[in-house]
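Residue numbers for the sequence shown follow this note's numbering, beginning at 184 and rising by one.
Beta carbons: idealized from backbone N, C-alpha and C, even for Gly.
Here's the structure we're looking at; comments come further down.
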Amino acid sequence: MDVAALGTILGIWAHPDDDIYLSAGIMAMAARNGQRVVDVTAT
Numbered sequence: 184m185d186v187a188a189l190g191t192i193l194g195i196w197a198h199p200d201d202d203i204y205l206s207a208g209i210m211a212m213a214a215r216n217g218q219r220v221v222d223v224t225a226t
């Protein structure tokens, strides 16, 4: 997967731990690439 082609990563989650097991790897890779990563939890 070319994560750099995704641009800004926005994750919107219902529970504080949802991002950890659903997309943490992609978000970490994007952050290491210097991309903007925004994580929102709405509980």
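For Asp201, the enclosing alpha helix (DSSP H) begins and ends at Asp201 to Leu205. In this structure, Met210 is the residue among Asn216, Met184 and Met210 with its C-alpha nearest to the C-alpha of Ile195. With respect to Ala197, Gln218 sits apart: the two C-beta atoms are not nearer than 9 Å. Straight through space, the alpha carbons of Asp200 and Thr226 are spaced by roughly 11 Å.
Rounded to whole angstroms, Tyr204 and Thr191 show a C-alpha spacing of 20 Å.
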